[in-house]
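Chains as they are written, first to last, in UniProt numbering: chain A, 1 to 103; chain B, 1 to 103.
Since the structure comes first, as structure tokens, the remarks are kept for the end.
There are 2 protein chains.
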Amino acid sequence: MNKENSCPLNYTMNLIGTKWKPLILFHLLEGDLRSGVLQKKIPGISNKMFTQTVRELEKDGLVFRTVFPVVPPKVEYGLSKRGESLEDILRSLDTWGLNDCQD
Amino acid sequence: MNKENSCPLNYTMNLIGTKWKPLILFHLLEGDLRSGVLQKKIPGISNKMFTQTVRELEKDGLVFRTVFPVVPPKVEYGLSKRGESLEDILRSLDTWGLNDCQD
DNA sequence: GCAATAACTTACTAAAAAGTAATATAGTTA
DNA sequence: TAACTATATTACTTTTTAGTAAGTTATTGC
Numbered sequence: 001m002n003k004e005n006s007c008p009l010n011y012t013m014n015l016i017g018t019k020w021k022p023l024i025l026f027h028l029l030e031g032d033l034r035s036g037v038l039q040k041k042i043p044g045i046s047n048k049m050f051t052q053t054v055r056e057l058e059k060d061g062l063v064f065r066t067v068f069p070v071v072p073p074k075v076e077y078g079l080s081k082r083g084e085s086l087e088d089i090l091r092s093l094d095t096w097g098l099n100d101c102q103d
Numbered sequence: 001m002n003k004e005n006s007c008p009l010n011y012t013m014n015l016i017g018t019k020w021k022p023l024i025l026f027h028l029l030e031g032d033l034r035s036g037v038l039q040k041k042i043p044g045i046s047n048k049m050f051t052q053t054v055r056e057l058e059k060d061g062l063v064f065r066t067v068f069p070v071v072p073p074k075v076e077y078g079l080s081k082r083g084e085s086l087e088d089i090l091r092s093l094d095t096w097g098l099n100d101c102q103d
């Protein structure tokens, strides 16, 4: 079981190579969103997975999380500089899917 | 549980959004490779996962598989046209990782 | 003073992914 | 004739991922 990365691609995949992470990052490209609004943009994600995934993205410094101390709670998510640097990749993945599924 | 794709990115992720698929496709960018050679380029992948993954890629038309009827067996894998169309994305993912991990 | 609210959090269960190790194949070479 | 080879395949177990449903919070509006 070799855990080292064989190439930078491996490193990238360890960061964002999951089912939900690219989707969440993609929707944040249009701007910061409240937790509930962002979650509604991702059909099929469960409450648990949503929280878990954004928290991992936050831990990895790809998104930031702003908590407004009000009741009921208000939380906003947005892309960090590091997250924004994925923009081209995220849009390429989306465009590729768009073209490919038309064939 | 909504299973429909919310955007083309979702479609793309369903095709290649796993731990090993992008890695395998990436190594095939340099040209066709024998099964064993390709597998050795992917540290940490088990025998089972390797076979399983290339077979899925084949099923999805991203790679082709050529079997030479010799003993011991010889099998070559290569990118299909559809697989090749992922080149920019794969290289972007690799380059992103390269730049990011230097910070 | 009680329900409604948004954003979790937790405990528990179920499902999916991955690892391990044994087995198959059949010509070639020692 | 027995071992060696490359490429799987299979059965089984472990690990990881994900889903479900209930509970928490503290203020506001009724």
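Quick reminder that beta carbons are idealized off the backbone N, C-alpha and C, glycines included.
At a cut-off of 8 Å between beta carbons, Gly97 of chain A contacts chain B. Boundaries for Lys74 of chain A: no alpha helix (DSSP H) harbours it, while the beta strand (DSSP E) harbouring it runs 74 to 79, taken from the DSSP string. For Thr66 of chain B, the uninterrupted beta strand (DSSP E) run begins and ends at 63 to 68, by DSSP.
Residues of the segment 29 to 55 of chain B with a C-beta less than 8 Å from any C-beta of chain A: Lys41, Ile42, Pro43, Gly44, listed in chain order. For a Cβ distance threshold of 8 Å, residue set Ile89, Ser92, Leu93, Trp96 of chain B lies close to Ile89 of chain A, ordered along the chain.
Comparing C-alpha distances from Val75 of chain A to each of A:Lys81, A:Val67, A:Arg82 shows the shortest one belongs to A:Val67.
Not flagged as an interface residue toward chain A: Lys59 of chain B, since no C-beta distance is shorter than 8 Å. In the three-state scheme derived from DSSP, where H, G and I count as helix and E and B as strand, Leu33 of chain A is classed as strand.
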